[in-house]
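S.K.:
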Amino acid sequence: MSYSPVVDIVSKYSLDQEDLKSRYKNIVGFFFVSSYTKVGIQDLKQKLITTTLQEKYIGEKIPEAWLNFEKSVREKSKKEPIINKDKAKQLAEKNGIYDEQEFGQVVKFLNDLGSLQYFENQSLRNKIVINPQWIVDAFAKIVSIKETCIQDGKFTHDKIVEIWKEYDKNLHEWMLKLTEEFDLTFPISEKNMSIVPCLLPDAEPKFDWPEIDPKYPVKIKQFKVNYRFDYLPIGLFNRIQVRLFQYGDNSIIWKKGSLLKKNSHLALLNQTKNSLSIEVKVLGVKPENIVLVIHEAIETLINDSFNGLKYDFSFPCPDCVESQSSDPHLFSSTLLKRASEMKAPFLQCAKGFHVVSIEELMAIMPVDDSNNLDLNLEYSIRDLRNLKDNFKYDIMFWFCGQDTDLDPDKSISPLNVIKAIESQGYKIWFSKTPSHEKLDKITSVIKQSKLVIFGVSDNFASDSRSVQIFELSKNLIKKTYLLIEFGLLGARSWLQNPLFASACADFRVIMQDPKRYATKIADTFESIEKIVQVDPQKKEEKHPDVFVSYCWANSHEAIKKGSKGTKKSLGALDPRILVKFFADNGINAWLDVDNLDSTTQMFGEITKGMNLAKVIVACVSDEYVESQNCKLEFRFAHISLKLPIIKAVVGLGNEWRKNEIAFLGSNYPEVNFQYELKESLSTLLKHVKIELSKINEKKIDKKFEKSISIDESNNYAYQELYELTQRKFLRQLIQFSEKNPTIRSYPRLFFLDLVDQKRFEKFKYKRNANEKNEKNENEEEENEERRSSSELEFSEPKNFVICIRPMCEHEECWHFSNFLVLYPKILTPNCTYLLRMMTILRNGSYSNEFGILFTEQGKKLFDEIKEKVSGDSTEISDSYSSLRNYFIDKYEEEDFYFVEQNSNENFFSLNKCELKNGKILWLCPEHAEKSGGKIISDQKSSLQNQFEQEKSKLILELDQVEIDIF
């Protein structure tokens, strides 16, 4: 991307021209002017002209029709500064521009030249400003320093008539949206008010920033970030405030600061007094997510509007954060990048003198490095599982009370199903009198449950309380849910209710026929187990107290069975005897004897064993520090799990003491097993018992177990962490896609789906669907009616097809679009990416549309993917690119389908949108509308690209020529 030269207008004093030119290569000159005496203005004008004439586009040929249209627009602007888009089309047609796409091109061209202003935002696109000065004048009425009705940077919308009294009242609402487009104002919808950040008071309002109480049962952490600039442009901070307004606490905002709130987290943005830095402070149980939200808003704004602006950002020492310090040491991103380039393993905190690994800092800083992607995901998945385990209930079951009173010969009572689920050992909450339960209690229970089961039925759909709870759980709390259909056999009018339209294609168990109860209850148990990811029959199974991390080359038994060793790899201890040794002393231990590979078995048994353990015994040696798997285990235990580690020195070498593992573990107790065994075993046992006793003392007091605040914070932490996991992963995928650019833009997020072969044949629409004749259209309408009843029962298909579907990238709710391509065979190079996607989705509050996650066929597919990954070394970036390229190839070959008729003809049933915070995401029409983002024009309208359209047009013209000749 190229950028136009800049002519900077600044004060004459204290200006280092050479320094500025060296830092900003596109500066071509400096001019000192006076708008009062007019000195220097003529020289500035002349330089602007000569510089512009040197631009590479000068001299390009422009269609005459376009130039004529520009003249017509200029002439029209003398009478009307703004016109409707339809009127602009009429003006274009008078100048020989008839094609819709060409009209869009000429408008974009003139917009880039500054001859007119057109906006892609949904609420602005119906008008075109043909006199750009009109915008300047209109905005001046908002930011005027003269006497105005805008007080302290705020105005209610009834004041708009006074602010723009000289303008057409019919334009006022549109003009207000225009100020939001330029980051000049942001709306407070609930108060029918707007805020103008640049007019806010300078004085910081008084408010209390909470102090961290280390004794509070919920661990609250404070995260600090500092952005330091060489030069902070006027207006940058206020535009950041605008881009983050959706999280704002509107009662606490001033010109140089804002208080933000998200899921019980507080964030404070503040521009420092020297105006060269922005400080961010976040308080909460999981502050990292909102930190990244703020960082991305700052990052995209600078990249889009202040390109070339240099800045550095600093993140806190993670050990300081964990210790709940309110003033942590900050590591700069420049220092981190330099340390990474120099392959330094650690940095040291200057306040607490903590030794922090580079990997740990890379995990929390938004530095785009895919090398640590797996480790970051491992941390996130581990924390998600731990938070999920802390939920108070396994299941919240909501049903309509009327369904318990139906004819037992023609229906199944929800109470019988609940009793059966309870018999499997699940902790379940339900109400025998649902209609009498208070909403606040229900909301609390939903948040404290791993899974919500809805007993849908005709009665359910007509019960206002049940519908309210369904919408609350699905759309607001966004909880994972399972549908079980009750009611009289064959009764499913509820599917016709528009409120359940989005759930019609969800997986559900049909629990209506008493004769099929045994089969259906078995299906229910299977679905619950896959979603909750807990086998209730194994809940009491004892977790390992000790995890033994070792290298096979140090095991006498492994060497005898064929593993490779060295002359110094075998010492007095075989690590494999430790399991029996600990068991003889009443301690449950676990180690790998199946050669599980933790680099390919992502999120596999090894890290699962570490997650469950209380103490790690690391059998360190020269061979251990050379093993990538062993080093990953040690880092994971030290950096992420922060478990106590006891070093057992095995083998005969001592070169390992020069390795980063020795430095990481310098403060851990050490027991030498190189030459002596019996006494060393006693010493090791003593250390393990000491660490286990410390852990038992740290258990949370029972009196806090029923605290609602703990349950609430656990739920918020879970939501924030899952959103952060998705955000970080998508950020990497965007990086991967940008490294492999394509002519046309394509979605970045993909996942697999299973589709019943019969359903696929009946109501999928191929690209040429718009060419179907009327008869076929009628047949499709009949199929649509049938879909609303029996065919959408979505019992598991015996014959299914695998497909790839792009996904809506909404940050709080990834879900499928209505577009797909067939994927008949799982390709090994794609599996590294697919396994990570599947793992992320399985550990979040996913939609029921992901049938692949909890059906039997989906489980088989998951197992196949894991098996293929275990023998494959494909990098995540290559794996992702391989799958995406497969999708693109199928699209280019026109071998794709729509789940339903694509009425708005968006590419892939998604819109490419620029959000208010500057991020570009592919969103479904619903989320695109809710976000208020700007739809990128190159992805709308026709499914054909420009080349295809021109080709078709040429063929038609040639056909016409042939007719004329003959």
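With positions in the sequence shown counted from 1, the corresponding number in our numbering is that position plus 427.
For glycine and all other residues, C-beta sits at the position ideal for the given N, C-alpha and C.
(1) Going by DSSP in three states, residue 590 sits in which element: helix, strand or coil?
(2) Let me know if residue 769 comes out buried or exposed under the rule of 16 or more other beta-carbons within 10 Å of its beta-carbon.
(3) Under DSSP, the alpha helix (DSSP H) around residue 777 begins and ends at which residues?
(4) Would you list, in sequence order, the uninterrupted beta strand (DSSP E) runs of no fewer than 3 residues that lie entirely inside the region 483–562?
(5) Pick from 551, 503 and 634: whose alpha carbon is nearest that of residue 603?
(6) Would you kindly work out how many angstroms separate the C-alpha atoms of residue 536 and residue 1294, rounded to a whole number?
(7) Could you check whether the region 682–690 touches the region 746–760, counting it as contact only if at least three pairs of C-beta atoms, one from each stretch, sit closer than 8 angstroms?
(8) Figure out for me which residue from 531, 1350 and 775 has the closest Cα to the Cα of residue 1239.
(9) State buried or exposed for residue 1307, treating a residue as buried only when at least 16 other CB atoms are found within 10 Å of its CB.
(10) Can you tell me which residues form a DSSP beta bridge with residue 908?
(11) Would you call the CB atoms of residue 703 and residue 656 closer than 7 angstroms?
(12) Between which two residues does the beta strand (DSSP E) harbouring residue 1341 extend?
(13) Beta-carbon separation of residue 1341 and residue 1361 under 7 angstroms?
(14) Report, in whole angstroms, the separation of the C-beta atoms of residue 1336 and residue 1325, which I expect to be a contact under 8 angstroms.
(15) In this structure, does DSSP put residue 1257 in helix, strand or coil?
(16) Which word fits residue 776, buried or exposed, when buried means at least 16 other C-beta atoms lie within 10 angstroms of its C-beta?
(17) From what residue to what residue does the beta strand (DSSP E) around residue 1318 run?
(18) Does DSSP classify residue 1052 as helix, strand or coil?
(19) Is it the case that the region 1235–1250 contacts the region 1157–1177, given that we only count it when at least three CB pairs across the two stretches are under 8 angstroms?
(20) Considering only residues of the same chain and omitting the five flanking positions on each side of residue 1195, which have a CB-CB separation below 6 angstroms?
(21) Determine the DSSP secondary structure at residue 1169, reduced to helix, strand or coil.
(22) Who are the near neighbours of residue 641 in its chain, counting only those whose CB is closer than 8 angstroms to its CB and skipping five residues on each side?
(23) With a threshold of 8 angstroms, are at least 3 pairs of Cβ atoms found where one atom belongs to the region 902–913 and the other to the region 862–878?
(24) What did DSSP end up calling residue 841 once you bin it into helix, strand or coil?
(25) Could you tell me whether the Cβ atoms of residue 708 and residue 618 are closer together than 7 angstroms?
(26) Cα-Cα, which of 1007, 986, 1008 and 1006 is closest to residue 998?
(27) Where DSSP assigns a beta bridge to residue 1016, which residues make up the other side?
(28) Which of helix, strand or coil does DSSP assign to residue 1208?
(29) For residue 443, name the three-state secondary structure that DSSP assigns.
(30) Look at residue 830 and residue 886 and say whether their C-beta atoms are less than 7 angstroms apart.
(31) Whole angstroms is fine: what's the gap from residue 756's alpha carbon to residue 789's?
(32) Do you know offhand how far residue 1114's Cα is from residue 715's?
(33) So, does the region 660–680 touch the region 711–730, judging by three or more C-beta pairs under 8 angstroms?
(34) Starting from the C-beta of residue 962, find all residues in its chain whose C-beta is less than 7 angstroms away, skip the five residues before and the five after it, and write them out in chain order.
(35) What residues in its chain sit with their C-beta under 6 angstroms from that of residue 1252, if we drop five residues either side in the sequence?
(36) So, are the CB atoms of residue 1267 and residue 1250 less than 7 angstroms apart?
M.R.: In terms of the structure at hand:
(1) Within the sequence shown, numbered from 1, the residue matching residue 590 stands at position 163. Three-state DSSP puts residue 590 in a helix.
(2) Translated into positions along the sequence shown, residue 769 becomes position 342. Residue 769 counts as exposed, since fewer than 16 other C-beta atoms from the protein chains shown sit within 10 angstroms of its C-beta.
(3) Taking the sequence shown and counting its residues from 1, the one referred to as residue 777 is at position 350. No alpha helix (DSSP H) holds residue 777; DSSP gives it neither H nor E.
(4) Listed in chain order, the beta strand (DSSP E) elements of length 3 or more contained wholly in the region 483–562 are 509–511 and 554–556.
(5) By one-based count along the sequence shown, residue 603 stands at place 176. If you compare the alpha carbons of 551, 503 and 634 with that of residue 603, the shortest gap goes to 551.
(6) If you number the sequence shown from 1, residue 536 lands on position 109. If you number the sequence shown from 1, residue 1294 lands on position 867. Their backbone Cα atoms lie some 53 angstroms apart in a straight line.
(7) By the Cβ rule, the region 682–690 does not count as touching the region 746–760, because fewer than three pairs are nearer than 8 angstroms.
(8) Residue mapping note: residue 1239 aligns to position 812 of the sequence shown, counting from 1. Ranking the options by Cα distance to residue 1239, first place goes to 1350.
(9) For the purposes of this step, residue 1307 is taken as the residue at position 880 of the sequence shown. For residue 1307, the number of other beta carbons within 10 angstroms of its own is at least 16, and it is reported as buried.
(10) By one-based count along the sequence shown, residue 908 stands at place 481. For residue 908, which the question treats as bridged, DSSP gives the partners 879.
(11) On the sequence shown, position 276 is the one that residue 703 refers to. On the sequence shown, position 229 is the one that residue 656 refers to. Yes; because the gap between Cβ atoms is below 7 angstroms, this pair is in contact.
(12) Along the sequence shown, one-based indexing puts residue 1341 at 914. Looking at the DSSP string, the run of the beta strand (DSSP E) that includes residue 1341 is 1338–1341.
(13) The residue labelled residue 1341 in the question sits at position 914 within the sequence shown. The residue labelled residue 1361 in the question sits at position 934 within the sequence shown. Yes, they are a contact pair.
(14) The sequence position of residue 1336 within the sequence shown is 909, counting from 1. The sequence position of residue 1325 within the sequence shown is 898, counting from 1. Confirmed, Cβ separation roughly 7 angstroms.
(15) Within the sequence shown, numbered from 1, the residue matching residue 1257 stands at position 830. The DSSP-derived three-state label of residue 1257 is helix.
(16) By 1-based counting over the sequence shown, the position of residue 776 is 349. Around the CB of residue 776, 16 or more other CB atoms lie within 10 Å, so the residue is classed as buried.
(17) If you number the sequence shown from 1, residue 1318 lands on position 891. That residue, residue 1318, is in no beta strand (DSSP E); its alpha helix (DSSP H) goes 1303–1319.
(18) Within the sequence shown, residue 1052 is the residue found at index 625, counting from 1. Residue 1052 falls in the helix class under three-state DSSP.
(19) They touch, by the three-pair rule.
(20) Sequence index remark: in the sequence shown, residue 1195 carries index 768 (1-based). Note that residue 1195 scores a pLDDT of 43, beneath 50, so its modelled location is shaky; the value from the coordinates is reported in the next line. When the five nearest sequence neighbours on each side are left out, no beta carbon in the same chain lies closer than 6 angstroms to the beta carbon of residue 1195.
(21) For this step, residue 1169 is matched to residue 742 along the sequence shown. Correct three-state label for residue 1169: coil.
(22) The sequence position of residue 641 within the sequence shown is 214, counting from 1. Correct list, in chain order: 751.
(23) The way I'd put it, the region 902–913 does touch the region 862–878; three or more beta-carbon pairs between them come closer than 8 angstroms.
(24) Counting from one through the sequence shown, the residue named residue 841 turns up at place 414. DSSP, read as helix, strand or coil, puts residue 841 in helix.
(25) Numbered from its first residue, the sequence shown carries residue 708 at position 281. Numbered from its first residue, the sequence shown carries residue 618 at position 191. Going by C-beta atoms, residue 708 is not nearer than 7 angstroms to residue 618.
(26) By 1-based counting over the sequence shown, the position of residue 998 is 571. Ranking the options by Cα distance to residue 998, first place goes to 986.
(27) Translated into positions along the sequence shown, residue 1016 becomes position 589. DSSP lists 973 as partners of residue 1016.
(28) One-based indexing of the sequence shown puts residue 1208 at position 781. Legend: pLDDT at residue 1208 = 42, less than 50; position of this residue unreliable, no value from coordinates given.
(29) Start at 1 with the first residue of the sequence shown, and residue 443 comes out as number 16. Residue 443 falls in the coil class under three-state DSSP.
(30) Here the question's residue 830 lines up with position 403 in the sequence shown. Here the question's residue 886 lines up with position 459 in the sequence shown. Going by C-beta atoms, residue 830 is nearer than 7 angstroms to residue 886.
(31) To locate residue 756, count along the sequence shown from 1; it is residue 329. To locate residue 789, count along the sequence shown from 1; it is residue 362. If you take the alpha carbons of residue 756 and residue 789, they lie about 16 angstroms apart.
(32) Here residue 1114 is taken as the residue at index 687 of the sequence shown, counted from 1. Here residue 715 is taken as the residue at index 288 of the sequence shown, counted from 1. The alpha-carbon of residue 1114 is positioned some 34 angstroms away from that of residue 715.
(33) Segments in contact, yes.
(34) Position 535 of the sequence shown, counted from the first residue, corresponds to residue 962. Since pLDDT at residue 962 reaches only 48, below the 50 mark, its modelled position is unreliable, and no value is offered.
(35) Within the sequence shown, the letter at position 825 stands for residue 1252. In its chain, beyond the 5 residues on either side, no residue has a beta carbon closer than 6 angstroms to the beta carbon of residue 1252.
(36) The count along the sequence shown starts at 1 and reaches residue 1267 at position 840. The count along the sequence shown starts at 1 and reaches residue 1250 at position 823. Taking C-beta atoms as the reference points, residue 1267 and residue 1250 fail to come closer than 7 angstroms.
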